[in-house]
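> Okay, here's the structure, questions in a sec.
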Amino acid sequence: MNHPVGYNADHRLRWTEWLPWVVALAVFFLLPDYLSLGARVLTYILFALSLDLILGYAGIITLGHAAFFGLGAYVTGILSAKLGVNDPLLQMLCSACAAGLLGLATGALVLRTHGLTQLMLTLAVAAVCLEVANKATPVTGGADGLSGVTVAPILGLFRFDMYGRTAYLWCLVLVFGGWWLIRRLIYSPFGAALTGIRENSVRMHAVGAPVYKRLLTVYTLSAAIAGIAGALLTQTNQFVGLNVLGFEPSGELLVMLILGGVGRLYGAFVGPLVFLIAQDFLARQFPEYWYFGIGLMLVVVVLFARGGILGISDAVIARMRRKA
Amino acid sequence: MSAALETRGLCKSFGALTVADRIDFRLESGARHALIGPNGAGKTTFVNLLTGLLRPSSGTVLLGGEDVTALAQSGRVKRGLGRTFQINTLFRDMSVLDNVALGVAERHGVAGGFWRPASGQRAVREESLELLARLGIADEAGRRVLDLPYGKQRLVEIAIALGLKPRVLLLDEPAAGVPSLESERILQALDSLPEDIAILIIEHDMDLVFRFARRITVLVQGEVLCEGTPQEIADDVRVHQVYLGERHA
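These protein sequence lines map, in sequence, to chains A and B.
Residue numbering for the first sequence is 28 to 351, as defined by our numbering.
Residue numbering for the second sequence is 704 to 952, as defined by our numbering.
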């Protein structure tokens, strides 16, 4: 269902909203060979949730969200590989704060603009971050990336094992936390105000809403969540490379979210799942042409299903109800 | 006593084009005042200057005696200035209730809350529903605005502004584009507005203006041509020349 938010909305959990968590736990117990792919999917779900919050709800267009993801990834990487800070919670906190600060600083500029200008500015921010990481070789490892990341046991209790069980559950816990927070937020008056800004910012100004402040708040929060997703990527891969920054991961994330469905909360679950599994499958079957398959999927979705995969399922359910 | 809304020497130019030229204007509290003028006279620009959407090149805007020239829109709204738009400016994909509730929540100071659900804001919901009932569109509360007929959308436009509990209300062509059958409902809504609100209406429809307004200001090329009671304006030769003359020639 497309989730209506606002003062009319029923904010109680529907049974379908438990499905992602049931599936995630089922994967843990039934598909132990796929836990590293699973952790990757979960990481990108959290990243996509952070994008959906600003793009789907607040209507902020961005092609540079990887700046925050990448910064989070590098902060955790540098803390561990260069400074010997290996506590996963501390790494996570530092990544979130750093990405949030970058979101606040760049958002202060980006959110004063609209449309194409905004898009270009977000792209520029991501490009600058990529170039900084590329040139600051002593700190970031440059094009070689940063290896030698180690992660201490979580709370001193749960060691990251070689089968990726701890990593998977760690990701699951953080995605759950992020989902819970974002879900509360979009059903709140603040979330309704964001939707109002997306629908008509002129009118939001005219009813006395502090539009810029609201946008900056949500942009900062979204950046911090993206930073946490970045930290997760470093912790589960124990490596950071330049591929977490710049246009490509930002664009890929956007593709994932559009595939799943924008502004639906659960599009951020479906999109990365389909994208990354397709990528995994296609890259093995057709190592040279796998991007073709992804491209084809995107073209089909954009041409025939503007609401993404969840939009298709909505339409199917609606048709079945009409027949019943 | 200070006027509900007043401008002194208000000017606005875009490059060489002057769209507001030394406008001195007073809107008394509880007024029913109309602003008329031919197309391109600068009526909507004047409204945008009053609300803070545009910054004047020079001059001042006073709201209840207080200089608000430097204030942004939200600051003026908090001080009791509400407006409607000539072209529907609604939250199209949201419910009618939400359209009103967004503004009501801002006024109640609860719109920034991000933890508790919006649907739990009883006071906001009830006040919004009451307002919709007063305008006769309570039945539509749950419908999406874009599914409503145009005439009802115009009522939502007014409802949003009323939700701000304004002391001064600027109505920018409230009946624009509404078929005459439905415009009667909008007139009724306007007639039923609380007496203590000072209302400035910008309108092209002369029947509506002469029925509603007790004072009229005529704006031509960014300047105030004259001001008076409807009878005085109807009898004014200059007005006939620049404005009514075109219609009744």
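All C-beta atoms in this analysis are idealised placements derived from N, C-alpha and C, irrespective of residue type, glycine included.
Just checking: is the beta-carbon of Lys781 of chain B within a distance shorter than 8 Å of some beta-carbon in chain A?
It does: the Cβ of Lys781 of chain B has a partner Cβ on chain A nearer than 8 Å.
> If we ignore side chains and look at the alpha-carbon of each, how far apart do Leu928 of chain B and Arg779 of chain B end up?
Near 27 Å, if we compare the C-alpha coordinates of Arg779 of chain B and Leu928 of chain B.
> Give every residue of the same chain whose Cβ lies closer than 8 Å to the Cβ of Phe423 of chain A, excluding the five residues on either side of it in the sequence, and list them in chain order.
A question about residue 423 of chain A goes unanswered here, because the residues of chain A that appear run from 28 up to 351.
> Only counting the same chain, and skipping five residues up and downstream in sequence, which positions put a Cβ closer than 7 Å to that of Arg846 of chain B?
Ser798 and Val799
> Taking 8 Å as the limit between beta carbons, can you name the residues of its chain near Gly854 of chain B, skipping five residues before and five after?
Val881, Pro882, Glu885, Ser886, Arg888 and Ile889
> When burial is assigned at 16 or more other CB atoms within 10 Å of the CB, is Gln934 of chain B buried or exposed?
Under the 10 Å beta carbon count, Gln934 of chain B is surrounded by fewer than 16 other beta carbons and is classified as exposed.
> Thr792 of chain B lies in the alpha helix (DSSP H); which residues open and close that run?
Unbroken run through Thr792 of chain B: none, as it is neither H nor E.
> Check whether the Cβ atoms of Asn113 of chain A and Ala179 of chain A lie closer than 8 Å to each other.
If you check the CB distance, Asn113 of chain A and Ala179 of chain A come in under 8 Å.
> Given that a residue counts as buried once 16 or more other Cβ atoms are within 10 Å of its Cβ, and exposed if not, what is Val137 of chain A?
buried
> So with CB distances below 7 Å, who are the chain B contacts of Ser107 of chain A?
Neighbours of Ser107 of chain A in chain B, taken as residues whose beta carbon is under 7 Å from its own, are absent, since the nearest beta carbon is some 33 Å off.
> Just the C-alpha distance for Cys49 of chain A and Gly783 of chain B, rounded to the nearest angstrom, thanks.
Checking the sequence shown, residue 49 of chain A turns out to be Val, not Cys. Straight-line Cα distance between these residues: approximately 51 Å.
> Could you give the DSSP three-state label for Thr177 of chain A: helix, strand or coil?
coil
> Under 8 Å by Cβ, that's how I've got Pro115 of chain A and Gln262 of chain A pegged, so tell me the actual separation to the nearest angstrom.
6 Å
> Confirm, please, whether the CB-CB distance from Glu843 of chain B to Leu832 of chain B is below 8 Å.
no
> With DSSP as the reference, label Phe331 of chain A as helix, strand or coil.
helix
> List the residues of chain B whose Cβ lies closer than 7 Å to the Cβ of Ala220 of chain A, in chain order.
Leu805 and Ala814
> Closest to Arg39 of chain A by CA distance: which of B:Glu709, B:Ser822, B:Ala707 and B:Ile904 is it?
B:Ser822
> Is it true that the CB of Gly320 of chain A sits closer than 8 Å to the CB of Ala330 of chain A?
Sequence check: residue 330 of chain A is Leu here, not Ala. Not in contact: Leu330 of chain A and Gly320 of chain A (Cβ atoms no closer than 8 Å).
> What in chain A is Cβ-close to Phe749 of chain B, meaning under 7 Å?
Simply none; closest approach about 16 Å.
> Does the beta-carbon distance from Gly335 of chain A to Val289 of chain A come in below 8 Å?
Note that the C-beta distance between Gly335 of chain A and Val289 of chain A is below 8 Å.
> In chain order, what residues of the region 816-838 of chain B put their CB closer than 9 Å to some CB of chain A?
If the cut-off is 9 Å between Cβ atoms, the region 816-838 of chain B has Gly816, Phe817, Trp818, Arg819, Pro820, Ala821, Ser822, Gly823, Gln824, Val827, Arg828 and Ser831 near chain A.
> Is there at least one Cβ from chain A nearer than 8 Å to Ala773 of chain B's Cβ?
no
> Compare the beta carbon distance of Arg918 of chain B and Ala723 of chain B with 8 Å and say whether it is the shorter of the two.
no
> At which residues does the alpha helix (DSSP H) containing Ser886 of chain B begin and terminate?
Ser883 to Asp894
> Counting Cβ pairs closer than 8 Å, one from the region 224-231 of chain A and one from the region 201-213 of chain A, do we hit at least three?
With the cut-off at 8 Å, the region 224-231 of chain A and the region 201-213 of chain A do not touch.
> Does the Cβ of Gln306 of chain A have 16 or more other Cβ atoms within 10 Å, making it buried, or fewer, making it exposed?
buried
> For Ile726 of chain B, which residues does DSSP report across the bridge?
B:Leu713
> Within the 8 Å Cβ cut-off, does Met909 of chain B reach chain A?
no
> Rounded to the nearest angstrom, what separates Gly322 of chain A and Val282 of chain A at their Cα positions?
Approximately 9 Å, taken between the alpha carbons.
> I want to verify the contact list: residues of chain B whose CB lies under 7 Å from the CB of Leu212 of chain A, in sequence order.
Phe817
> Short of 8 Å Cβ to Cβ, which residues in the region 30-44 of chain A face chain B?
Pro31, Val32, Gly33, Tyr34, Asn35, Ala36, Asp37 and His38
> Looking only at DSSP bridge pairs, what is Leu903 of chain B linked to?
Note: Leu903 of chain B sits in a beta bridge opposite B:His736 and B:Leu873.
> Here's a check: name, in chain order, each residue in its chain whose Cβ is nearer than 6 Å to the Cβ of Ser761 of chain B, leaving out the five neighbours to either side.
Cys714
> Contact check, Thr247 of chain A vs Gly130 of chain A under 8 Å by CB: the rounded distance?
4 Å
> Could you give the C-beta distance for Ala170 of chain A and Asn161 of chain A, rounded to a whole number, given that I count them as a contact under 8 Å?
6 Å
> So, is Leu337 of chain A buried or exposed, given that buried needs 16 or more other C-beta atoms within 10 angstroms?
buried
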